[in-house]
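Sequence positions in the sequence shown follow the UniProt record's numbering and run 253 to 591. Even for Gly, the Cβ is constructed at its ideal location relative to N, Cα and C. To start, the structure under review is shown below, and the notes come after it.
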Amino acid sequence: RMGRSQVECRPDIDTFTPGLLALYESLKPSEVHKSKQKQLVDSLAKSVSKEWPNAQLHLYGSCANSFGTSHSDVDVCLEMEIGTASTVEVLLRLADILRADNFDNVEAITSARVPIVKMSDSGSGFSCDICINNLFAVANTKLLKDYAQIDQRLLQLAFLVKHWAKLRGVNETYRGTLSSYAYVLMCINFLQLREPKILPCLQAMEQTYTMNVDGTECAYFDEVHQLQYFGAENKEGIAELLWAFFHYWAFHHDYRRDVISVRTGSTISKQEKNWTTRVGSDRHLMCIEDPFETGHDLGRVVDRQTIRILREEFERAAAVLQYNDDPCVALFEPYDYEN
Ligand code: GTP
Ligand code: MG
Numbered sequence: 253r254m255g256r257s258q259v260e261c262r263p264d265i266d267t268f269t270p271g272l273l274a275l276y277e278s279l280k281p282s283e284v285h286k287s288k289q290k291q292l293v294d295s296l297a298k299s300v301s302k303e304w305p306n307a308q309l310h311l312y313g314s315c316a317n318s319f320g321t322s323h324s325d326v327d328v329c330l331e332m333e334i335g336t337a338s339t340v341e342v343l344l345r346l347a348d349i350l351r352a353d354n355f356d357n358v359e360a361i362t363s364a365r366v367p368i369v370k371m372s373d374s375g376s377g378f379s380c381d382i383c384i385n386n387l388f389a390v391a392n393t394k395l396l397k398d399y400a401q402i403d404q405r406l407l408q409l410a411f412l413v414k415h416w417a418k419l420r421g422v423n424e425t426y427r428g429t430l431s432s433y434a435y436v437l438m439c440i441n442f443l444q445l446r447e448p449k450i451l452p453c454l455q456a457m458e459q460t461y462t463m464n465v466d467g468t469e470c471a472y473f474d475e476v477h478q479l480q481y482f483g484a485e486n487k488e489g490i491a492e493l494l495w496a497f498f499h500y501w502a503f504h505h506d507y508r509r510d511v512i513s514v515r516t517g518s519t520i521s522k523q524e525k526n527w528t529t530r531v532g533s534d535r536h537l538m539c540i541e542d543p544f545e546t547g548h549d550l551g552r553v554v555d556r557q558t559i560r561i562l563r564e565e566f567e568r569a570a571a572v573l574q575y576n577d578d579p580c581v582a583l584f585e586p587y588d589y590e591n
């Protein structure tokens, strides 16, 4: 492994940039898609306000953080006073209301870390997750959106990585691989670590935005229009960055020692976080620190078997981009579970 970490990317890598950019453009959601999404959110807001007139509806996740594709679901957070009721009680009530208002496939999932109501709209084909008072998700949605405005290579990289992960079957937390959110954090941290840097560390800068969530201060520099030229000194194109991203996760990242941390713009040690041994079901084999809920490891779902699968996929992707004649096809070849 050490030998291969010295490898430089192929000299003709830039010839693949136009193809990758065309794919990126095709993944972006259409205007039609966005307006259908808005219709769903509006009708949801109507149903909710009948029962809870003071509830505020926030969009979070990829429909609001600018990392959404035309396959992404709609994530909604309701902010409301629930008095002595529990979140679960409110969610069950919400599920009843939505069923009565003819939403489809309404289901309350109350055992998850973040309990939600799931529903779909058979007309538009959208699915929607609704949570209550999970304002950390609203805060990290804004953080991701702000990072996306600094350098367009973040969106390009993250869309391609998410697309790759979906097709290769490694974007399934219930199977022990990583969430979309985890992949976006990996992309941000990777661009923070480039030389010259492509992204700054917003949480290490002057705090122009703060939001207090359950006693935790979520604060960072959000005047990102001032940072438009931040990454200009770095001339790397998307093909080279995509290769370097996979190469980093295949050969450079120190899985035994390190935690990637967007909060610090760097990597920190597992030791420092006390993530050296298994705690409950959190194995801490591949560690990705949540930028605001710093005790939360987005890699906690990864186990001995899935870390091997992930690393093999990173190696495969790096090799395809390095040696294949038509890498844009081979890279996104759907993984075949049958064989
Ligand atoms: P796609 O729906 O796949 O396009 O991406 P997404 O960014 O919406 O991801 P997902 O639906 O998996 O997660 C929605 C949001 O939940 C994230 O963007 C975060 O704001 C928030 N979130 C906070 N903690 C977690 C976590 O542990 N896992 C996931 N998946 N999401 C989290
Ligand atoms: Mg989503």
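For the ligand GTP, a non-hydrogen atom lies closer than 8 Å to the CB of His323. Apart from the 5 residues on each side of it in sequence, Cys580 sits with its Cβ closer than 8 Å to the Cβ of Phe268, Gly271, Leu272 and Leu275 in its chain, given in chain order.
By the CB criterion at 9 Å, Cys383 and Leu292 fall outside the cutoff.
Tyr587 is positioned such that its CB atom lies no closer than 9 Å to that of Arg405.
Per DSSP, the unbroken beta strand (DSSP E) holding Lys370 starts and ends at Ile368 to Asp373. Relative to the non-hydrogen atoms of the ligand MG, the Cβ of Asp327 comes within a distance shorter than 8 Å of at least one. Between the beta-carbon of Tyr472 and that of Leu454 there is about 4 Å, and that keeps the pair under the 8 Å contact cut. Secondary structure note for Val358: its beta strand (DSSP E) is the uninterrupted segment Asp356 to Ile361. Under the Cβ criterion (8 Å, minimum of three pairs), the region 460-477 counts as touching the region 388-397.
Counted as a single uninterrupted DSSP element, the alpha helix (DSSP H) harbouring Tyr575 occupies residues Arg556 to Tyr575. A distance below 9 Å separates the beta carbons of Val511 and Glu524. Contact between the region 435-454 and the region 362-378 is not established, with fewer than three Cβ pairs separated by less than 8 Å.
Ile540 places its beta carbon less than 9 Å from that of Asp549.
The region 561-575 makes contact with the region 497-504; the number of CB pairs closer than 8 Å reaches 3 or more. The C-beta distance from Ala417 to Phe498 rounds to 11 Å, too long to fall under 8 Å, and the pair is not in contact.
Cβ-Cβ distances below 6 Å link Glu303 to Ile349 in the same chain, with the five nearest sequence neighbours on each side left out; the list follows chain order.
Taken from the Cβ of Asp474, every heavy atom of the ligand MG lies 8 Å or farther away. Here His310 carries a strand assignment [DSSP, helix/strand/coil]. Ala496 sits in a helix when the DSSP states are folded into three classes. Shown here, Cys453 sits in coil according to DSSP, grouped into three states, outside any helix or strand. Distance from the CA of Leu309 to the CA of Val328, rounded to the nearest whole angstrom, comes to 7 Å.
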